[in-house]
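Residue numbers (our numbering), protein chains in the order written: chain A, 9 to 316; chain B, 8 to 540; chain C, 1034 to 1337. Think of the CB as a built atom: it goes at the ideal place given N, C-alpha and C, for glycine as much as any other residue.
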Amino acid sequence: MKKFVIQRVIAMLITLFIVATVTFFLAKAIPGGPFTKEKALPEAVLKNIEAKYHFNDPLWKQYTDYMVNLMKGDLGPSFRYDALTVNDIVRKGFPVSALLGFVAILISLGLGLPAGIISAYKQNFWQDNFVMFFSILGISIPNFILATLFMYIFGLKLHIFNTAGWGRWQDIILPAVTLAAYPTAYIARLMRSSMLDVLNQDYIKTARSKGLSEYKVMTIHALKNALIPVVTYLGPLIAAVFTGSFIVERLFFIPGLGRYYVTSIYDRDYTVILGTTIFYAVFLILANFAVDIIYAFIDPRITYSTEK
Amino acid sequence: MLKKLTILMLVVAMLGSFAGCKKAAPAEEMVLKYNVGAEPQYFDPRKATGIPEFTMLLNLFDGLMRYDNQGQIVPSVAESYTVSPDGLVWTFKLKDTKWSNGEPVTAQDFEYSWKTALSPEIASEYSYQLYYIKNGEKYNSGELTNADEVGVKALDDKTLEVTLEAPTPYFTSLLSFTTYLPINKKLDQSNPDWAKSADNFVSNGPFKLTLWDHNHTIEMVKNTNYWDKDKVKLSKIVFTMVEESSTELMMFENNEIDWGPNPPLPELERLKNEGKLTISPYLGTYYYLFNVTKKPFDDVRVRKALTFAIDREAIVKNITKAGQLPATAYVPPGVPDATPGSDFRKVGGDFFKTYDPDEAKKLLADAGYPDGKGFPKFVLLYNTSEAHKTIAEAIQRMWKENLGIECTLTNQEWKVYLDNRNKLNYDVARAGWIGDYTDPMTFIDMWVTGGGNNDTGWSNKQYDEYVKTAKSTGDQAARMDAMHKAEAILMDEMPIGPIYFYTRPELIKAYVKGYYTSALGYTDFKEAYIEKH
Amino acid sequence: MIDEKELFKPVNIEELEAKEYIRPSIGYWADAWRRLKKNKLAVTGLVIIILLIALAIFGPMFSPYEYDGTDLNNVYAPMSRSHWFGTDELGRDVFTRVLYGARISLAVGFVASFINLIIGVLYGGISGFIGGRVDNIMMRFVDILYSIPILLIVIILMVVLKPGLKNIFIALGISYWVGMARIVRGQTLSLKEQDFTLAAKTLGATRGRILVRHIIPNAIGPIVVTATLLIPNAIFFESFLSFIGLGVSAPMASWGVLASDGIRAFQSHPNLLFFPALFISITMLSFNFLGDGLRDALDPRLRK
């Protein structure tokens, strides 16, 4: 096991290096720069700006400079926002996005898992249909439409919440529910499908015929195995929450990290593009790593030995 | 153990992210909530470039001159001024005014601000606004390295002497502009990063900066050290940075903000009918650029045909719907002409009809493409925005129905679009221009040969001559005459096809009063107040 | 004495066989189809999908309006007999535009899902099945791809290429196979260790035969569910791209484009949001019902 962990850590570092490199060159390949403006800059000013930000250095030098700073933990200045460094942006935005994402994931798992289990257990009864109905709604409506509807109904019309903003604990509810809608539905369906698979297996029949209580059958035998596809989904779940966060943060006016992903590309703010991508990558890699560890614990049949 | 600790720290950090956020204001305060819509790129007046920044900075700072609520330019920090007979030397006497930290505002502050704004090190994108000052351009380009040769000098603490390159009658209105605002010299020399946060920010205007939550909110309160503080009635302004127009609308209708400058186009009709929309003048023109270096747009008849085939009335009535005017010339109304009270556009008149499909068909046939036969398929380029898209779709259809020509629409995001325009990598492209100051020159001097903003490749020696003439004299009659002649050439050769003149449709609560919406795009809240409601 | 011989009668072979419960043995797929037909929801979904495809292909031909026919004197017209869904900001008939949007959205869904399915199943199946070092390397590669936020790549791609249908296919085609590969690999890994696989191996089945006849049919459940949900994923992602302005070029419009535009108009003109959203939802529902039905129908352990 230890060997496995060490291998993975090395792999993670290599991955990060590749991610940083690829993104760097991709970002620089897009036409236009951060100072391409409608009112064209006077020649002299343009020269000064380029000198200040080392845009005239050969690309290789810019790259190595960036990587060296990266290893020191310095993500560089932002070109779009003169008053902020990328470290500032990440430091300020990440806790907000993390909180929002965390609540969304809590909702997804907290609602989705039980819903899927009940649904499978009571297959084709009303509980099943009820859960499936709502989960299908969650999957079939794009989140920007959901967001707008929530803001309109619960904000503008019913005055239960503010339509947008961040600061009071109530402000987190609408955006988190919007973010969680799709994953909750997905998890409910996945869990149901997986539970159904497991419940039809022979070893369940064996457990029941052995006289085990239904509760024990469900938890000890059925659940652990049924969770595997869901655990696999955890990685994409976190990714989906991050992706969704761009729209949700923008529509609900939330000062998180999500909205920087896209605006930084529009602004050609290279350092922000790189910083957010790398940060996101670290997060995802760690999440996937955690998922694989959980895998090993849940399914004893899966082994991670490197000999065969 | 370490894992638990990390999780705990993360949770604390996340919950702490709530902490920096606003609490409700006490009841007696008069608070205005304005959606400025974007985080400032630069909050240093010497470097600021966007209209959101201008609005905020002009409320934080005060220049030698300022526009009052009647739209007149009046002395502000300046007490009075005199101009030499040749129009080149302006001498300003300053009032006794203070910075928000109590220090006196001096002529040296102004001198320092303008000189550093022109310095190559600061690399200000709006430094060209200061080129009216003698040797300003030379110093900015590095041709001159001695700042003392730049034509601004503090004769004493309260006297500022400015020498211009050429007589500039509209210099007083320029002085209200952001790039001409003063900064605190002592502060900048001791702490060059003062403009990056609210902590050390010092200004001399009606309001002072108290909170800057990046990419989220900016707050400013009444500046009790402001020389004209008795006119300031608002106790606080909260600037939110909501970018999504549908969200801004809902926040406005739910009373979470008092002022939204970006209502979504499809809702304008309803908002007008419900009395929620306020339309103010805006000095700008919306037009299409023709790449005159590319066939068939090198033929003036083709350019004119395309321009005349556009039904402008239909566009402003059914699409933009905010009282815009069809543009039958380039310079919009709202710019004064030679005689006081006159308008350049009125004097200049119209150069063509708002919609002339017959003439368009004829011109196209003359150019060799009767009924559009043989006309190459081309690309109409615009930057991503719902309004530009809708207008482009309408015009695409008009060209097809009136002229029989096909074009494809391509939207590109802002930077790519600008880059392609600059490099002349397009056929026809959408463009818009907002004036930097209220004089026709801000529009006219764009199209000189090789001008940085001339994205058409068009060049006309006579045009250049007229521009030069207008720039070298202080005689308003002569200037205006030259600029009218220049515009006539522009409209005769039509490297650009004007479509409509802008307006500013905004969502403003009826109880907000006393503000000044400048036709240049910014808003002044110095005398604004909130009526009891 | 009892004659022992009389206690035992010779059994007739035919009699014995007659007592067996005979059922015709039908193939795997025929059985699946039979089961699917019984599932009312799945059948409804299938029918709706076929209807939508037909509408998409033939619908616009029967409409008196063109999808890009502007009528500036009739903008934002309410629903009426001549315009069933009303008109949009340029006076174009919304019903025709929605039908036309069906072409684009459905095409995006099918093509993207198909590409991802093929790549994902092959990649994940082979990786999980071979296992060991090969699996390690292949999965490391997948991890790397996973960690480059797909969003970023796609947006950068769309920014460099011209926004357009072909490029959306490319962008979506490379985006989702990774998820499928992971799931398939996970399934393969666990199925590989199950007893029936060991049994087949012991009996001498070749690796290929095990993969095709034992592992894949047992893995089909999650594969089908995932593939069916890839279609709405693709349509969703396309609507996300439209929302940030990277969708198909005007005046073409997918449902995503129509819905995104509808967001900014819905208070005054709810029909502009409602109808595209409705069609998106119906399409999603149909694919989900179908997917569920297929899952139940294709599960070999549910064979009756």
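Test item: CB-CB of residue i and residue j under 9 angstroms
i: residue 116/B; j: residue 192/B; result: yes
i: residue 198/B; j: residue 211/B; result: no
i: residue 250/A; j: residue 297/A; result: no
i: residue 268/B; j: residue 514/B; result: yes
i: residue 389/B; j: residue 312/B; result: no
i: residue 269/A; j: residue 284/A; result: yes
i: residue 359/B; j: residue 338/B; result: no
i: residue 132/B; j: residue 56/B; result: yes
i: residue 1309/C; j: residue 1289/C; result: yes
i: residue 292/B; j: residue 507/B; result: yes
i: residue 282/A; j: residue 32/A; result: yes
i: residue 128/A; j: residue 286/A; result: no
i: residue 317/B; j: residue 412/B; result: no
i: residue 116/A; j: residue 1328/C; result: no
i: residue 242/B; j: residue 36/B; result: yes
i: residue 481/B; j: residue 174/B; result: yes
Residues near residue i in its chain [Cβ-Cβ closer than 8 angstroms; skip 5 each side]
i: residue 1321/C; result: 1078, 1261, 1262 and 1265
i: residue 272/B; result: 326, 327, 328, 393, 394 and 397
i: residue 453/B; result: 440, 460 and 461
i: residue 1281/C; result: 1137, 1196, 1197, 1198, 1201, 1275, 1287 and 1290
i: residue 140/B; result: 121, 125, 157, 158, 159, 169, 170, 171 and 172
Beta carbon proximity, residue i to chain B, threshold 9 angstroms
i: residue 1284/C; result: yes
i: residue 33/A; result: no
i: residue 1328/C; result: no
i: residue 1100/C; result: no
i: residue 1247/C; result: no
6 angstroms Cβ shell around residue i - same chain, five flanking residues per side excluded
i: residue 266/B; result: 41 and 515
i: residue 277/A; result: 42, 86, 87 and 88
i: residue 61/B; result: 185 and 529
i: residue 194/B; result: 201 and 209
i: residue 470/B; result: 493 and 496
i: residue 180/B; result: 80, 444 and 445
Neighbour flag for residue i against chain C, beta carbons, 9 angstroms
i: residue 76/A; result: no
i: residue 511/B; result: no
i: residue 26/B; result: With a pLDDT of only 48 at residue 26/B, under 50, the local geometry of the prediction cannot be trusted, and no value is derived from it.
i: residue 303/B; result: no
i: residue 88/A; result: no
i: residue 296/A; result: yes
is_contact[residue i, chain A] using C-beta, thresh 9 angstroms
i: residue 498/B; result: no
i: residue 1171/C; result: no
i: residue 128/B; result: yes
i: residue 203/B; result: yes
i: residue 1219/C; result: yes
i: residue 1197/C; result: no
i: residue 173/B; result: no
i: residue 249/B; result: yes
i: residue 541/B; result: For chain B, the structure presents residues 8 to 540; residue 541/B sits outside this window and is missing.
Close beta carbons around residue i, own chain, < 7 angstroms, minus the five adjacent residues each side
i: residue 183/B; result: 70, 72, 73, 74 and 80
At least 3 beta-carbon pairs within less than 8 angstroms: the segment 166-177 of chain B vs the segment 93-109 of chain B: The answer is yes - the segment 93-109 of chain B touches the segment 166-177 of chain B, with three or more Cβ pairs under 8 angstroms.
In chain order, what are the residue ranges of uninterrupted beta strand (DSSP E) at least 3 long that sit wholly in the segment 358-394 of chain B? The qualifying runs are 385-390.
Under 8 angstroms: do the segment 497-505 of chain B and the segment 519-531 of chain B share three or more Cβ pairs, one atom per stretch? Look at the beta carbons and you see the segment 497-505 of chain B not touching the segment 519-531 of chain B: under three pairs across the two are nearer than 8 angstroms.
List in chain order: all unbroken alpha helix (DSSP H) runs of 4+ residues lying wholly within the segment 222-281 of chain B. Taking only runs of at least 4 residues, the alpha helix (DSSP H) segments lying wholly in the segment 222-281 of chain B are 252-260 and 275-280.
Report yes or no: do three or more beta-carbon pairs, one from the segment 367-380 of chain B and one from the segment 414-430 of chain B, lie closer than 8 angstroms? With the cut-off at 8 angstroms, the segment 367-380 of chain B and the segment 414-430 of chain B do not touch.
Assess contact between the segment 1213-1231 of chain C and the segment 1145-1158 of chain C, defined as three or more Cβ pairs (one per stretch) separated by less than 8 angstroms. Is contact present? These segments touch.
May I have a chain-ordered list of the alpha helix (DSSP H) segments no shorter than 4 residues that lie completely inside the segment 179-206 of chain B? Counting whole runs of 4 or more residues, the segment 179-206 of chain B contains the alpha helix (DSSP H) stretches 192-197.
In chain order, which continuous runs of the alpha helix (DSSP H) of length 4 or greater are located wholly inside the segment 1224-1265 of chain C? Listed in chain order, the complete alpha helix (DSSP H) runs (minimum 4 residues) inside the segment 1224-1265 of chain C are 1228-1235.
Using a Cβ distance threshold of 8 angstroms, determine whether the segment 147-162 of chain A contacts the segment 255-272 of chain A, with at least three qualifying pairs required. Contact between the segment 147-162 of chain A and the segment 255-272 of chain A is present: three or more C-beta pairs spanning the two stretches fall below 8 angstroms.
Cβ pair count under 8 angstroms reaching 3, the segment 139-149 of chain A against the segment 164-176 of chain A: No contact exists between the segment 139-149 of chain A and the segment 164-176 of chain A.
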